[in-house]
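Residue numbers (the numbering used here): 18 to 270.
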Amino acid sequence: MRKRIIAGNWKMYKTVEEAKSFVEEVKGLVPVSDNVEAVICPPALYLSELAQLTKGSALGIGAQTMHDVKEGAFTGEVSPAMLVGIDVGYVILGHSERRQYFNETDETVNSKVHAAFEYNLTPLVCVGETLEEREAGQTVELVAAQVTKAFAGISAAQAEQAVIAYEPIWAIGTGKTATAQDANEVCGAIRATVSELYSETVAEAIRIQYGGSVKPDNIEELLSMEHIDGALVGGASLEPASFLKLVEAGAHE
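Right, here's the structure in full:
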């Protein structure tokens, strides 16, 4: 069984004191498990402090984005070298909000995926369709194209270590959730795309998350699906009790 991964994307929420309080409450309760990996992705300002607070625990720390070069005149950006230097192990790449508000493209996502592997960061590569694209029957075609472009030039060995997060844009923060069956169908199409790009072995190894209004009351059904290996969670990851319920669900056989 692929090891599930539950990742909380905090977006632009919490003060530093709130973030530290959350981590102090949660870190000792996250199970050391062969079945699940737990990650929190806080605002960049808190990454260093939270990475230190979680040392020795089963709670990982990830960034919400990064630049694709080591250093340079890029005001406001954070580099992969900076993340590795403060013991950050994961990075979300290509989230729909980054694409929508900050002009990220499939090409920039691909460049960042290359940079993540160069610095031994685990990339959580986001793909997903709008409501209009879904209603037009373009979901599988669009998501397959996003995966293909994101992984261009990435080796099979690298791809096996990546995580793909399927996030239907129409379900993010709206309270709407794709049915478990619909989510599984698209995640299965993503796995089929990876098989075509690499091999069935790589497709069976890569982990695929679902994201989009995931909550404790729907996580178990989602995780029961064949192709869903975890969740990228927004609002439900902001409260300790809620986040722990999600992780506990992932830890179950």
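Using N, Cα and C, we set each Cβ at its ideal position, and we do this for glycine too.
Residue i versus residue j - alpha carbon distance
i, j, result
"residue 261", "residue 47", "7 Å"
"residue 43", "residue 258", "8 Å"
"residue 69", "residue 166", "35 Å"
"residue 214", "residue 154", "23 Å"
"residue 246", "residue 196", "15 Å"
"residue 225", "residue 23", "11 Å"
"residue 90", "residue 120", "18 Å"
"residue 99", "residue 111", "19 Å"
"residue 212", "residue 176", "11 Å"
"residue 75", "residue 255", "18 Å"
"residue 36", "residue 45", "15 Å"
"residue 227", "residue 184", "6 Å"
"residue 134", "residue 152", "35 Å"
"residue 158", "residue 80", "29 Å"
"residue 198", "residue 28", "27 Å"
"residue 216", "residue 32", "44 Å"
"residue 146", "residue 168", "18 Å"
"residue 34", "residue 220", "41 Å"
"residue 57", "residue 113", "18 Å"
"residue 241", "residue 127", "30 Å"
"residue 315", "residue 233", "In the structure as shown, the chain starts at 18 and stops at 270, and residue 315 therefore has no counterpart that could be examined."
"residue 268", "residue 253", "17 Å"
"residue 30", "residue 118", "17 Å"
"residue 123", "residue 182", "14 Å"
"residue 63", "residue 40", "11 Å"
"residue 66", "residue 102", "12 Å"
"residue 236", "residue 82", "25 Å"
"residue 26", "residue 208", "23 Å"
"residue 150", "residue 73", "44 Å"
"residue 137", "residue 105", "10 Å"
"residue 130", "residue 200", "24 Å"
"residue 179", "residue 239", "20 Å"
"residue 352", "residue 125", "This structure leaves residue 352 out entirely; the chain is present only between 18 and 270."
Beta-ladder partner(s) of residue i, from DSSP
i, result
"residue 181", "142, 225"
"residue 63", "Note: residue 63 sits in no beta bridge, so no partner."
"residue 25", "57, 250"
"residue 80", "108"
Assigned secondary structure, residue i (DSSP; H/G/I helix, E/B strand, else coil)
i, result
"residue 260", "helix"
"residue 166", "helix"
"residue 123", "helix"
"residue 39", "helix"
"residue 1", "Past the boundaries of the shown model lies residue 1; the chain is included only from 18 to 270, so the question cannot be answered."
"residue 267", "helix"
"residue 207", "helix"
"residue 44", "coil"
"residue 18", "coil"
"residue 186", "helix"
"residue 156", "helix"
"residue 218", "helix"
"residue 176", "helix"
"residue 30", "coil"
"residue 94", "coil"
"residue 49", "coil"
"residue 86", "coil"
"residue 74", "coil"
"residue 274", "In this structure the chain extends from 18 to 270, so residue 274 is not present and cannot be described."
Residue i beta carbon near the ligand NAP (any heavy atom closer than 7 Å)
i, result
"residue 89", "Summarising the ligand content, the structure contains no ligands, and the ligand NAP is consequently not present."
Query - 3-residue-minimum beta strand (DSSP E) runs that sit fully inside the region 222-255, ordered along the chain - result: The DSSP assignment places 224-228, 247-250 as complete runs of the beta strand (DSSP E) inside the region 222-255, in order along the chain (cut-off: 3 residues).
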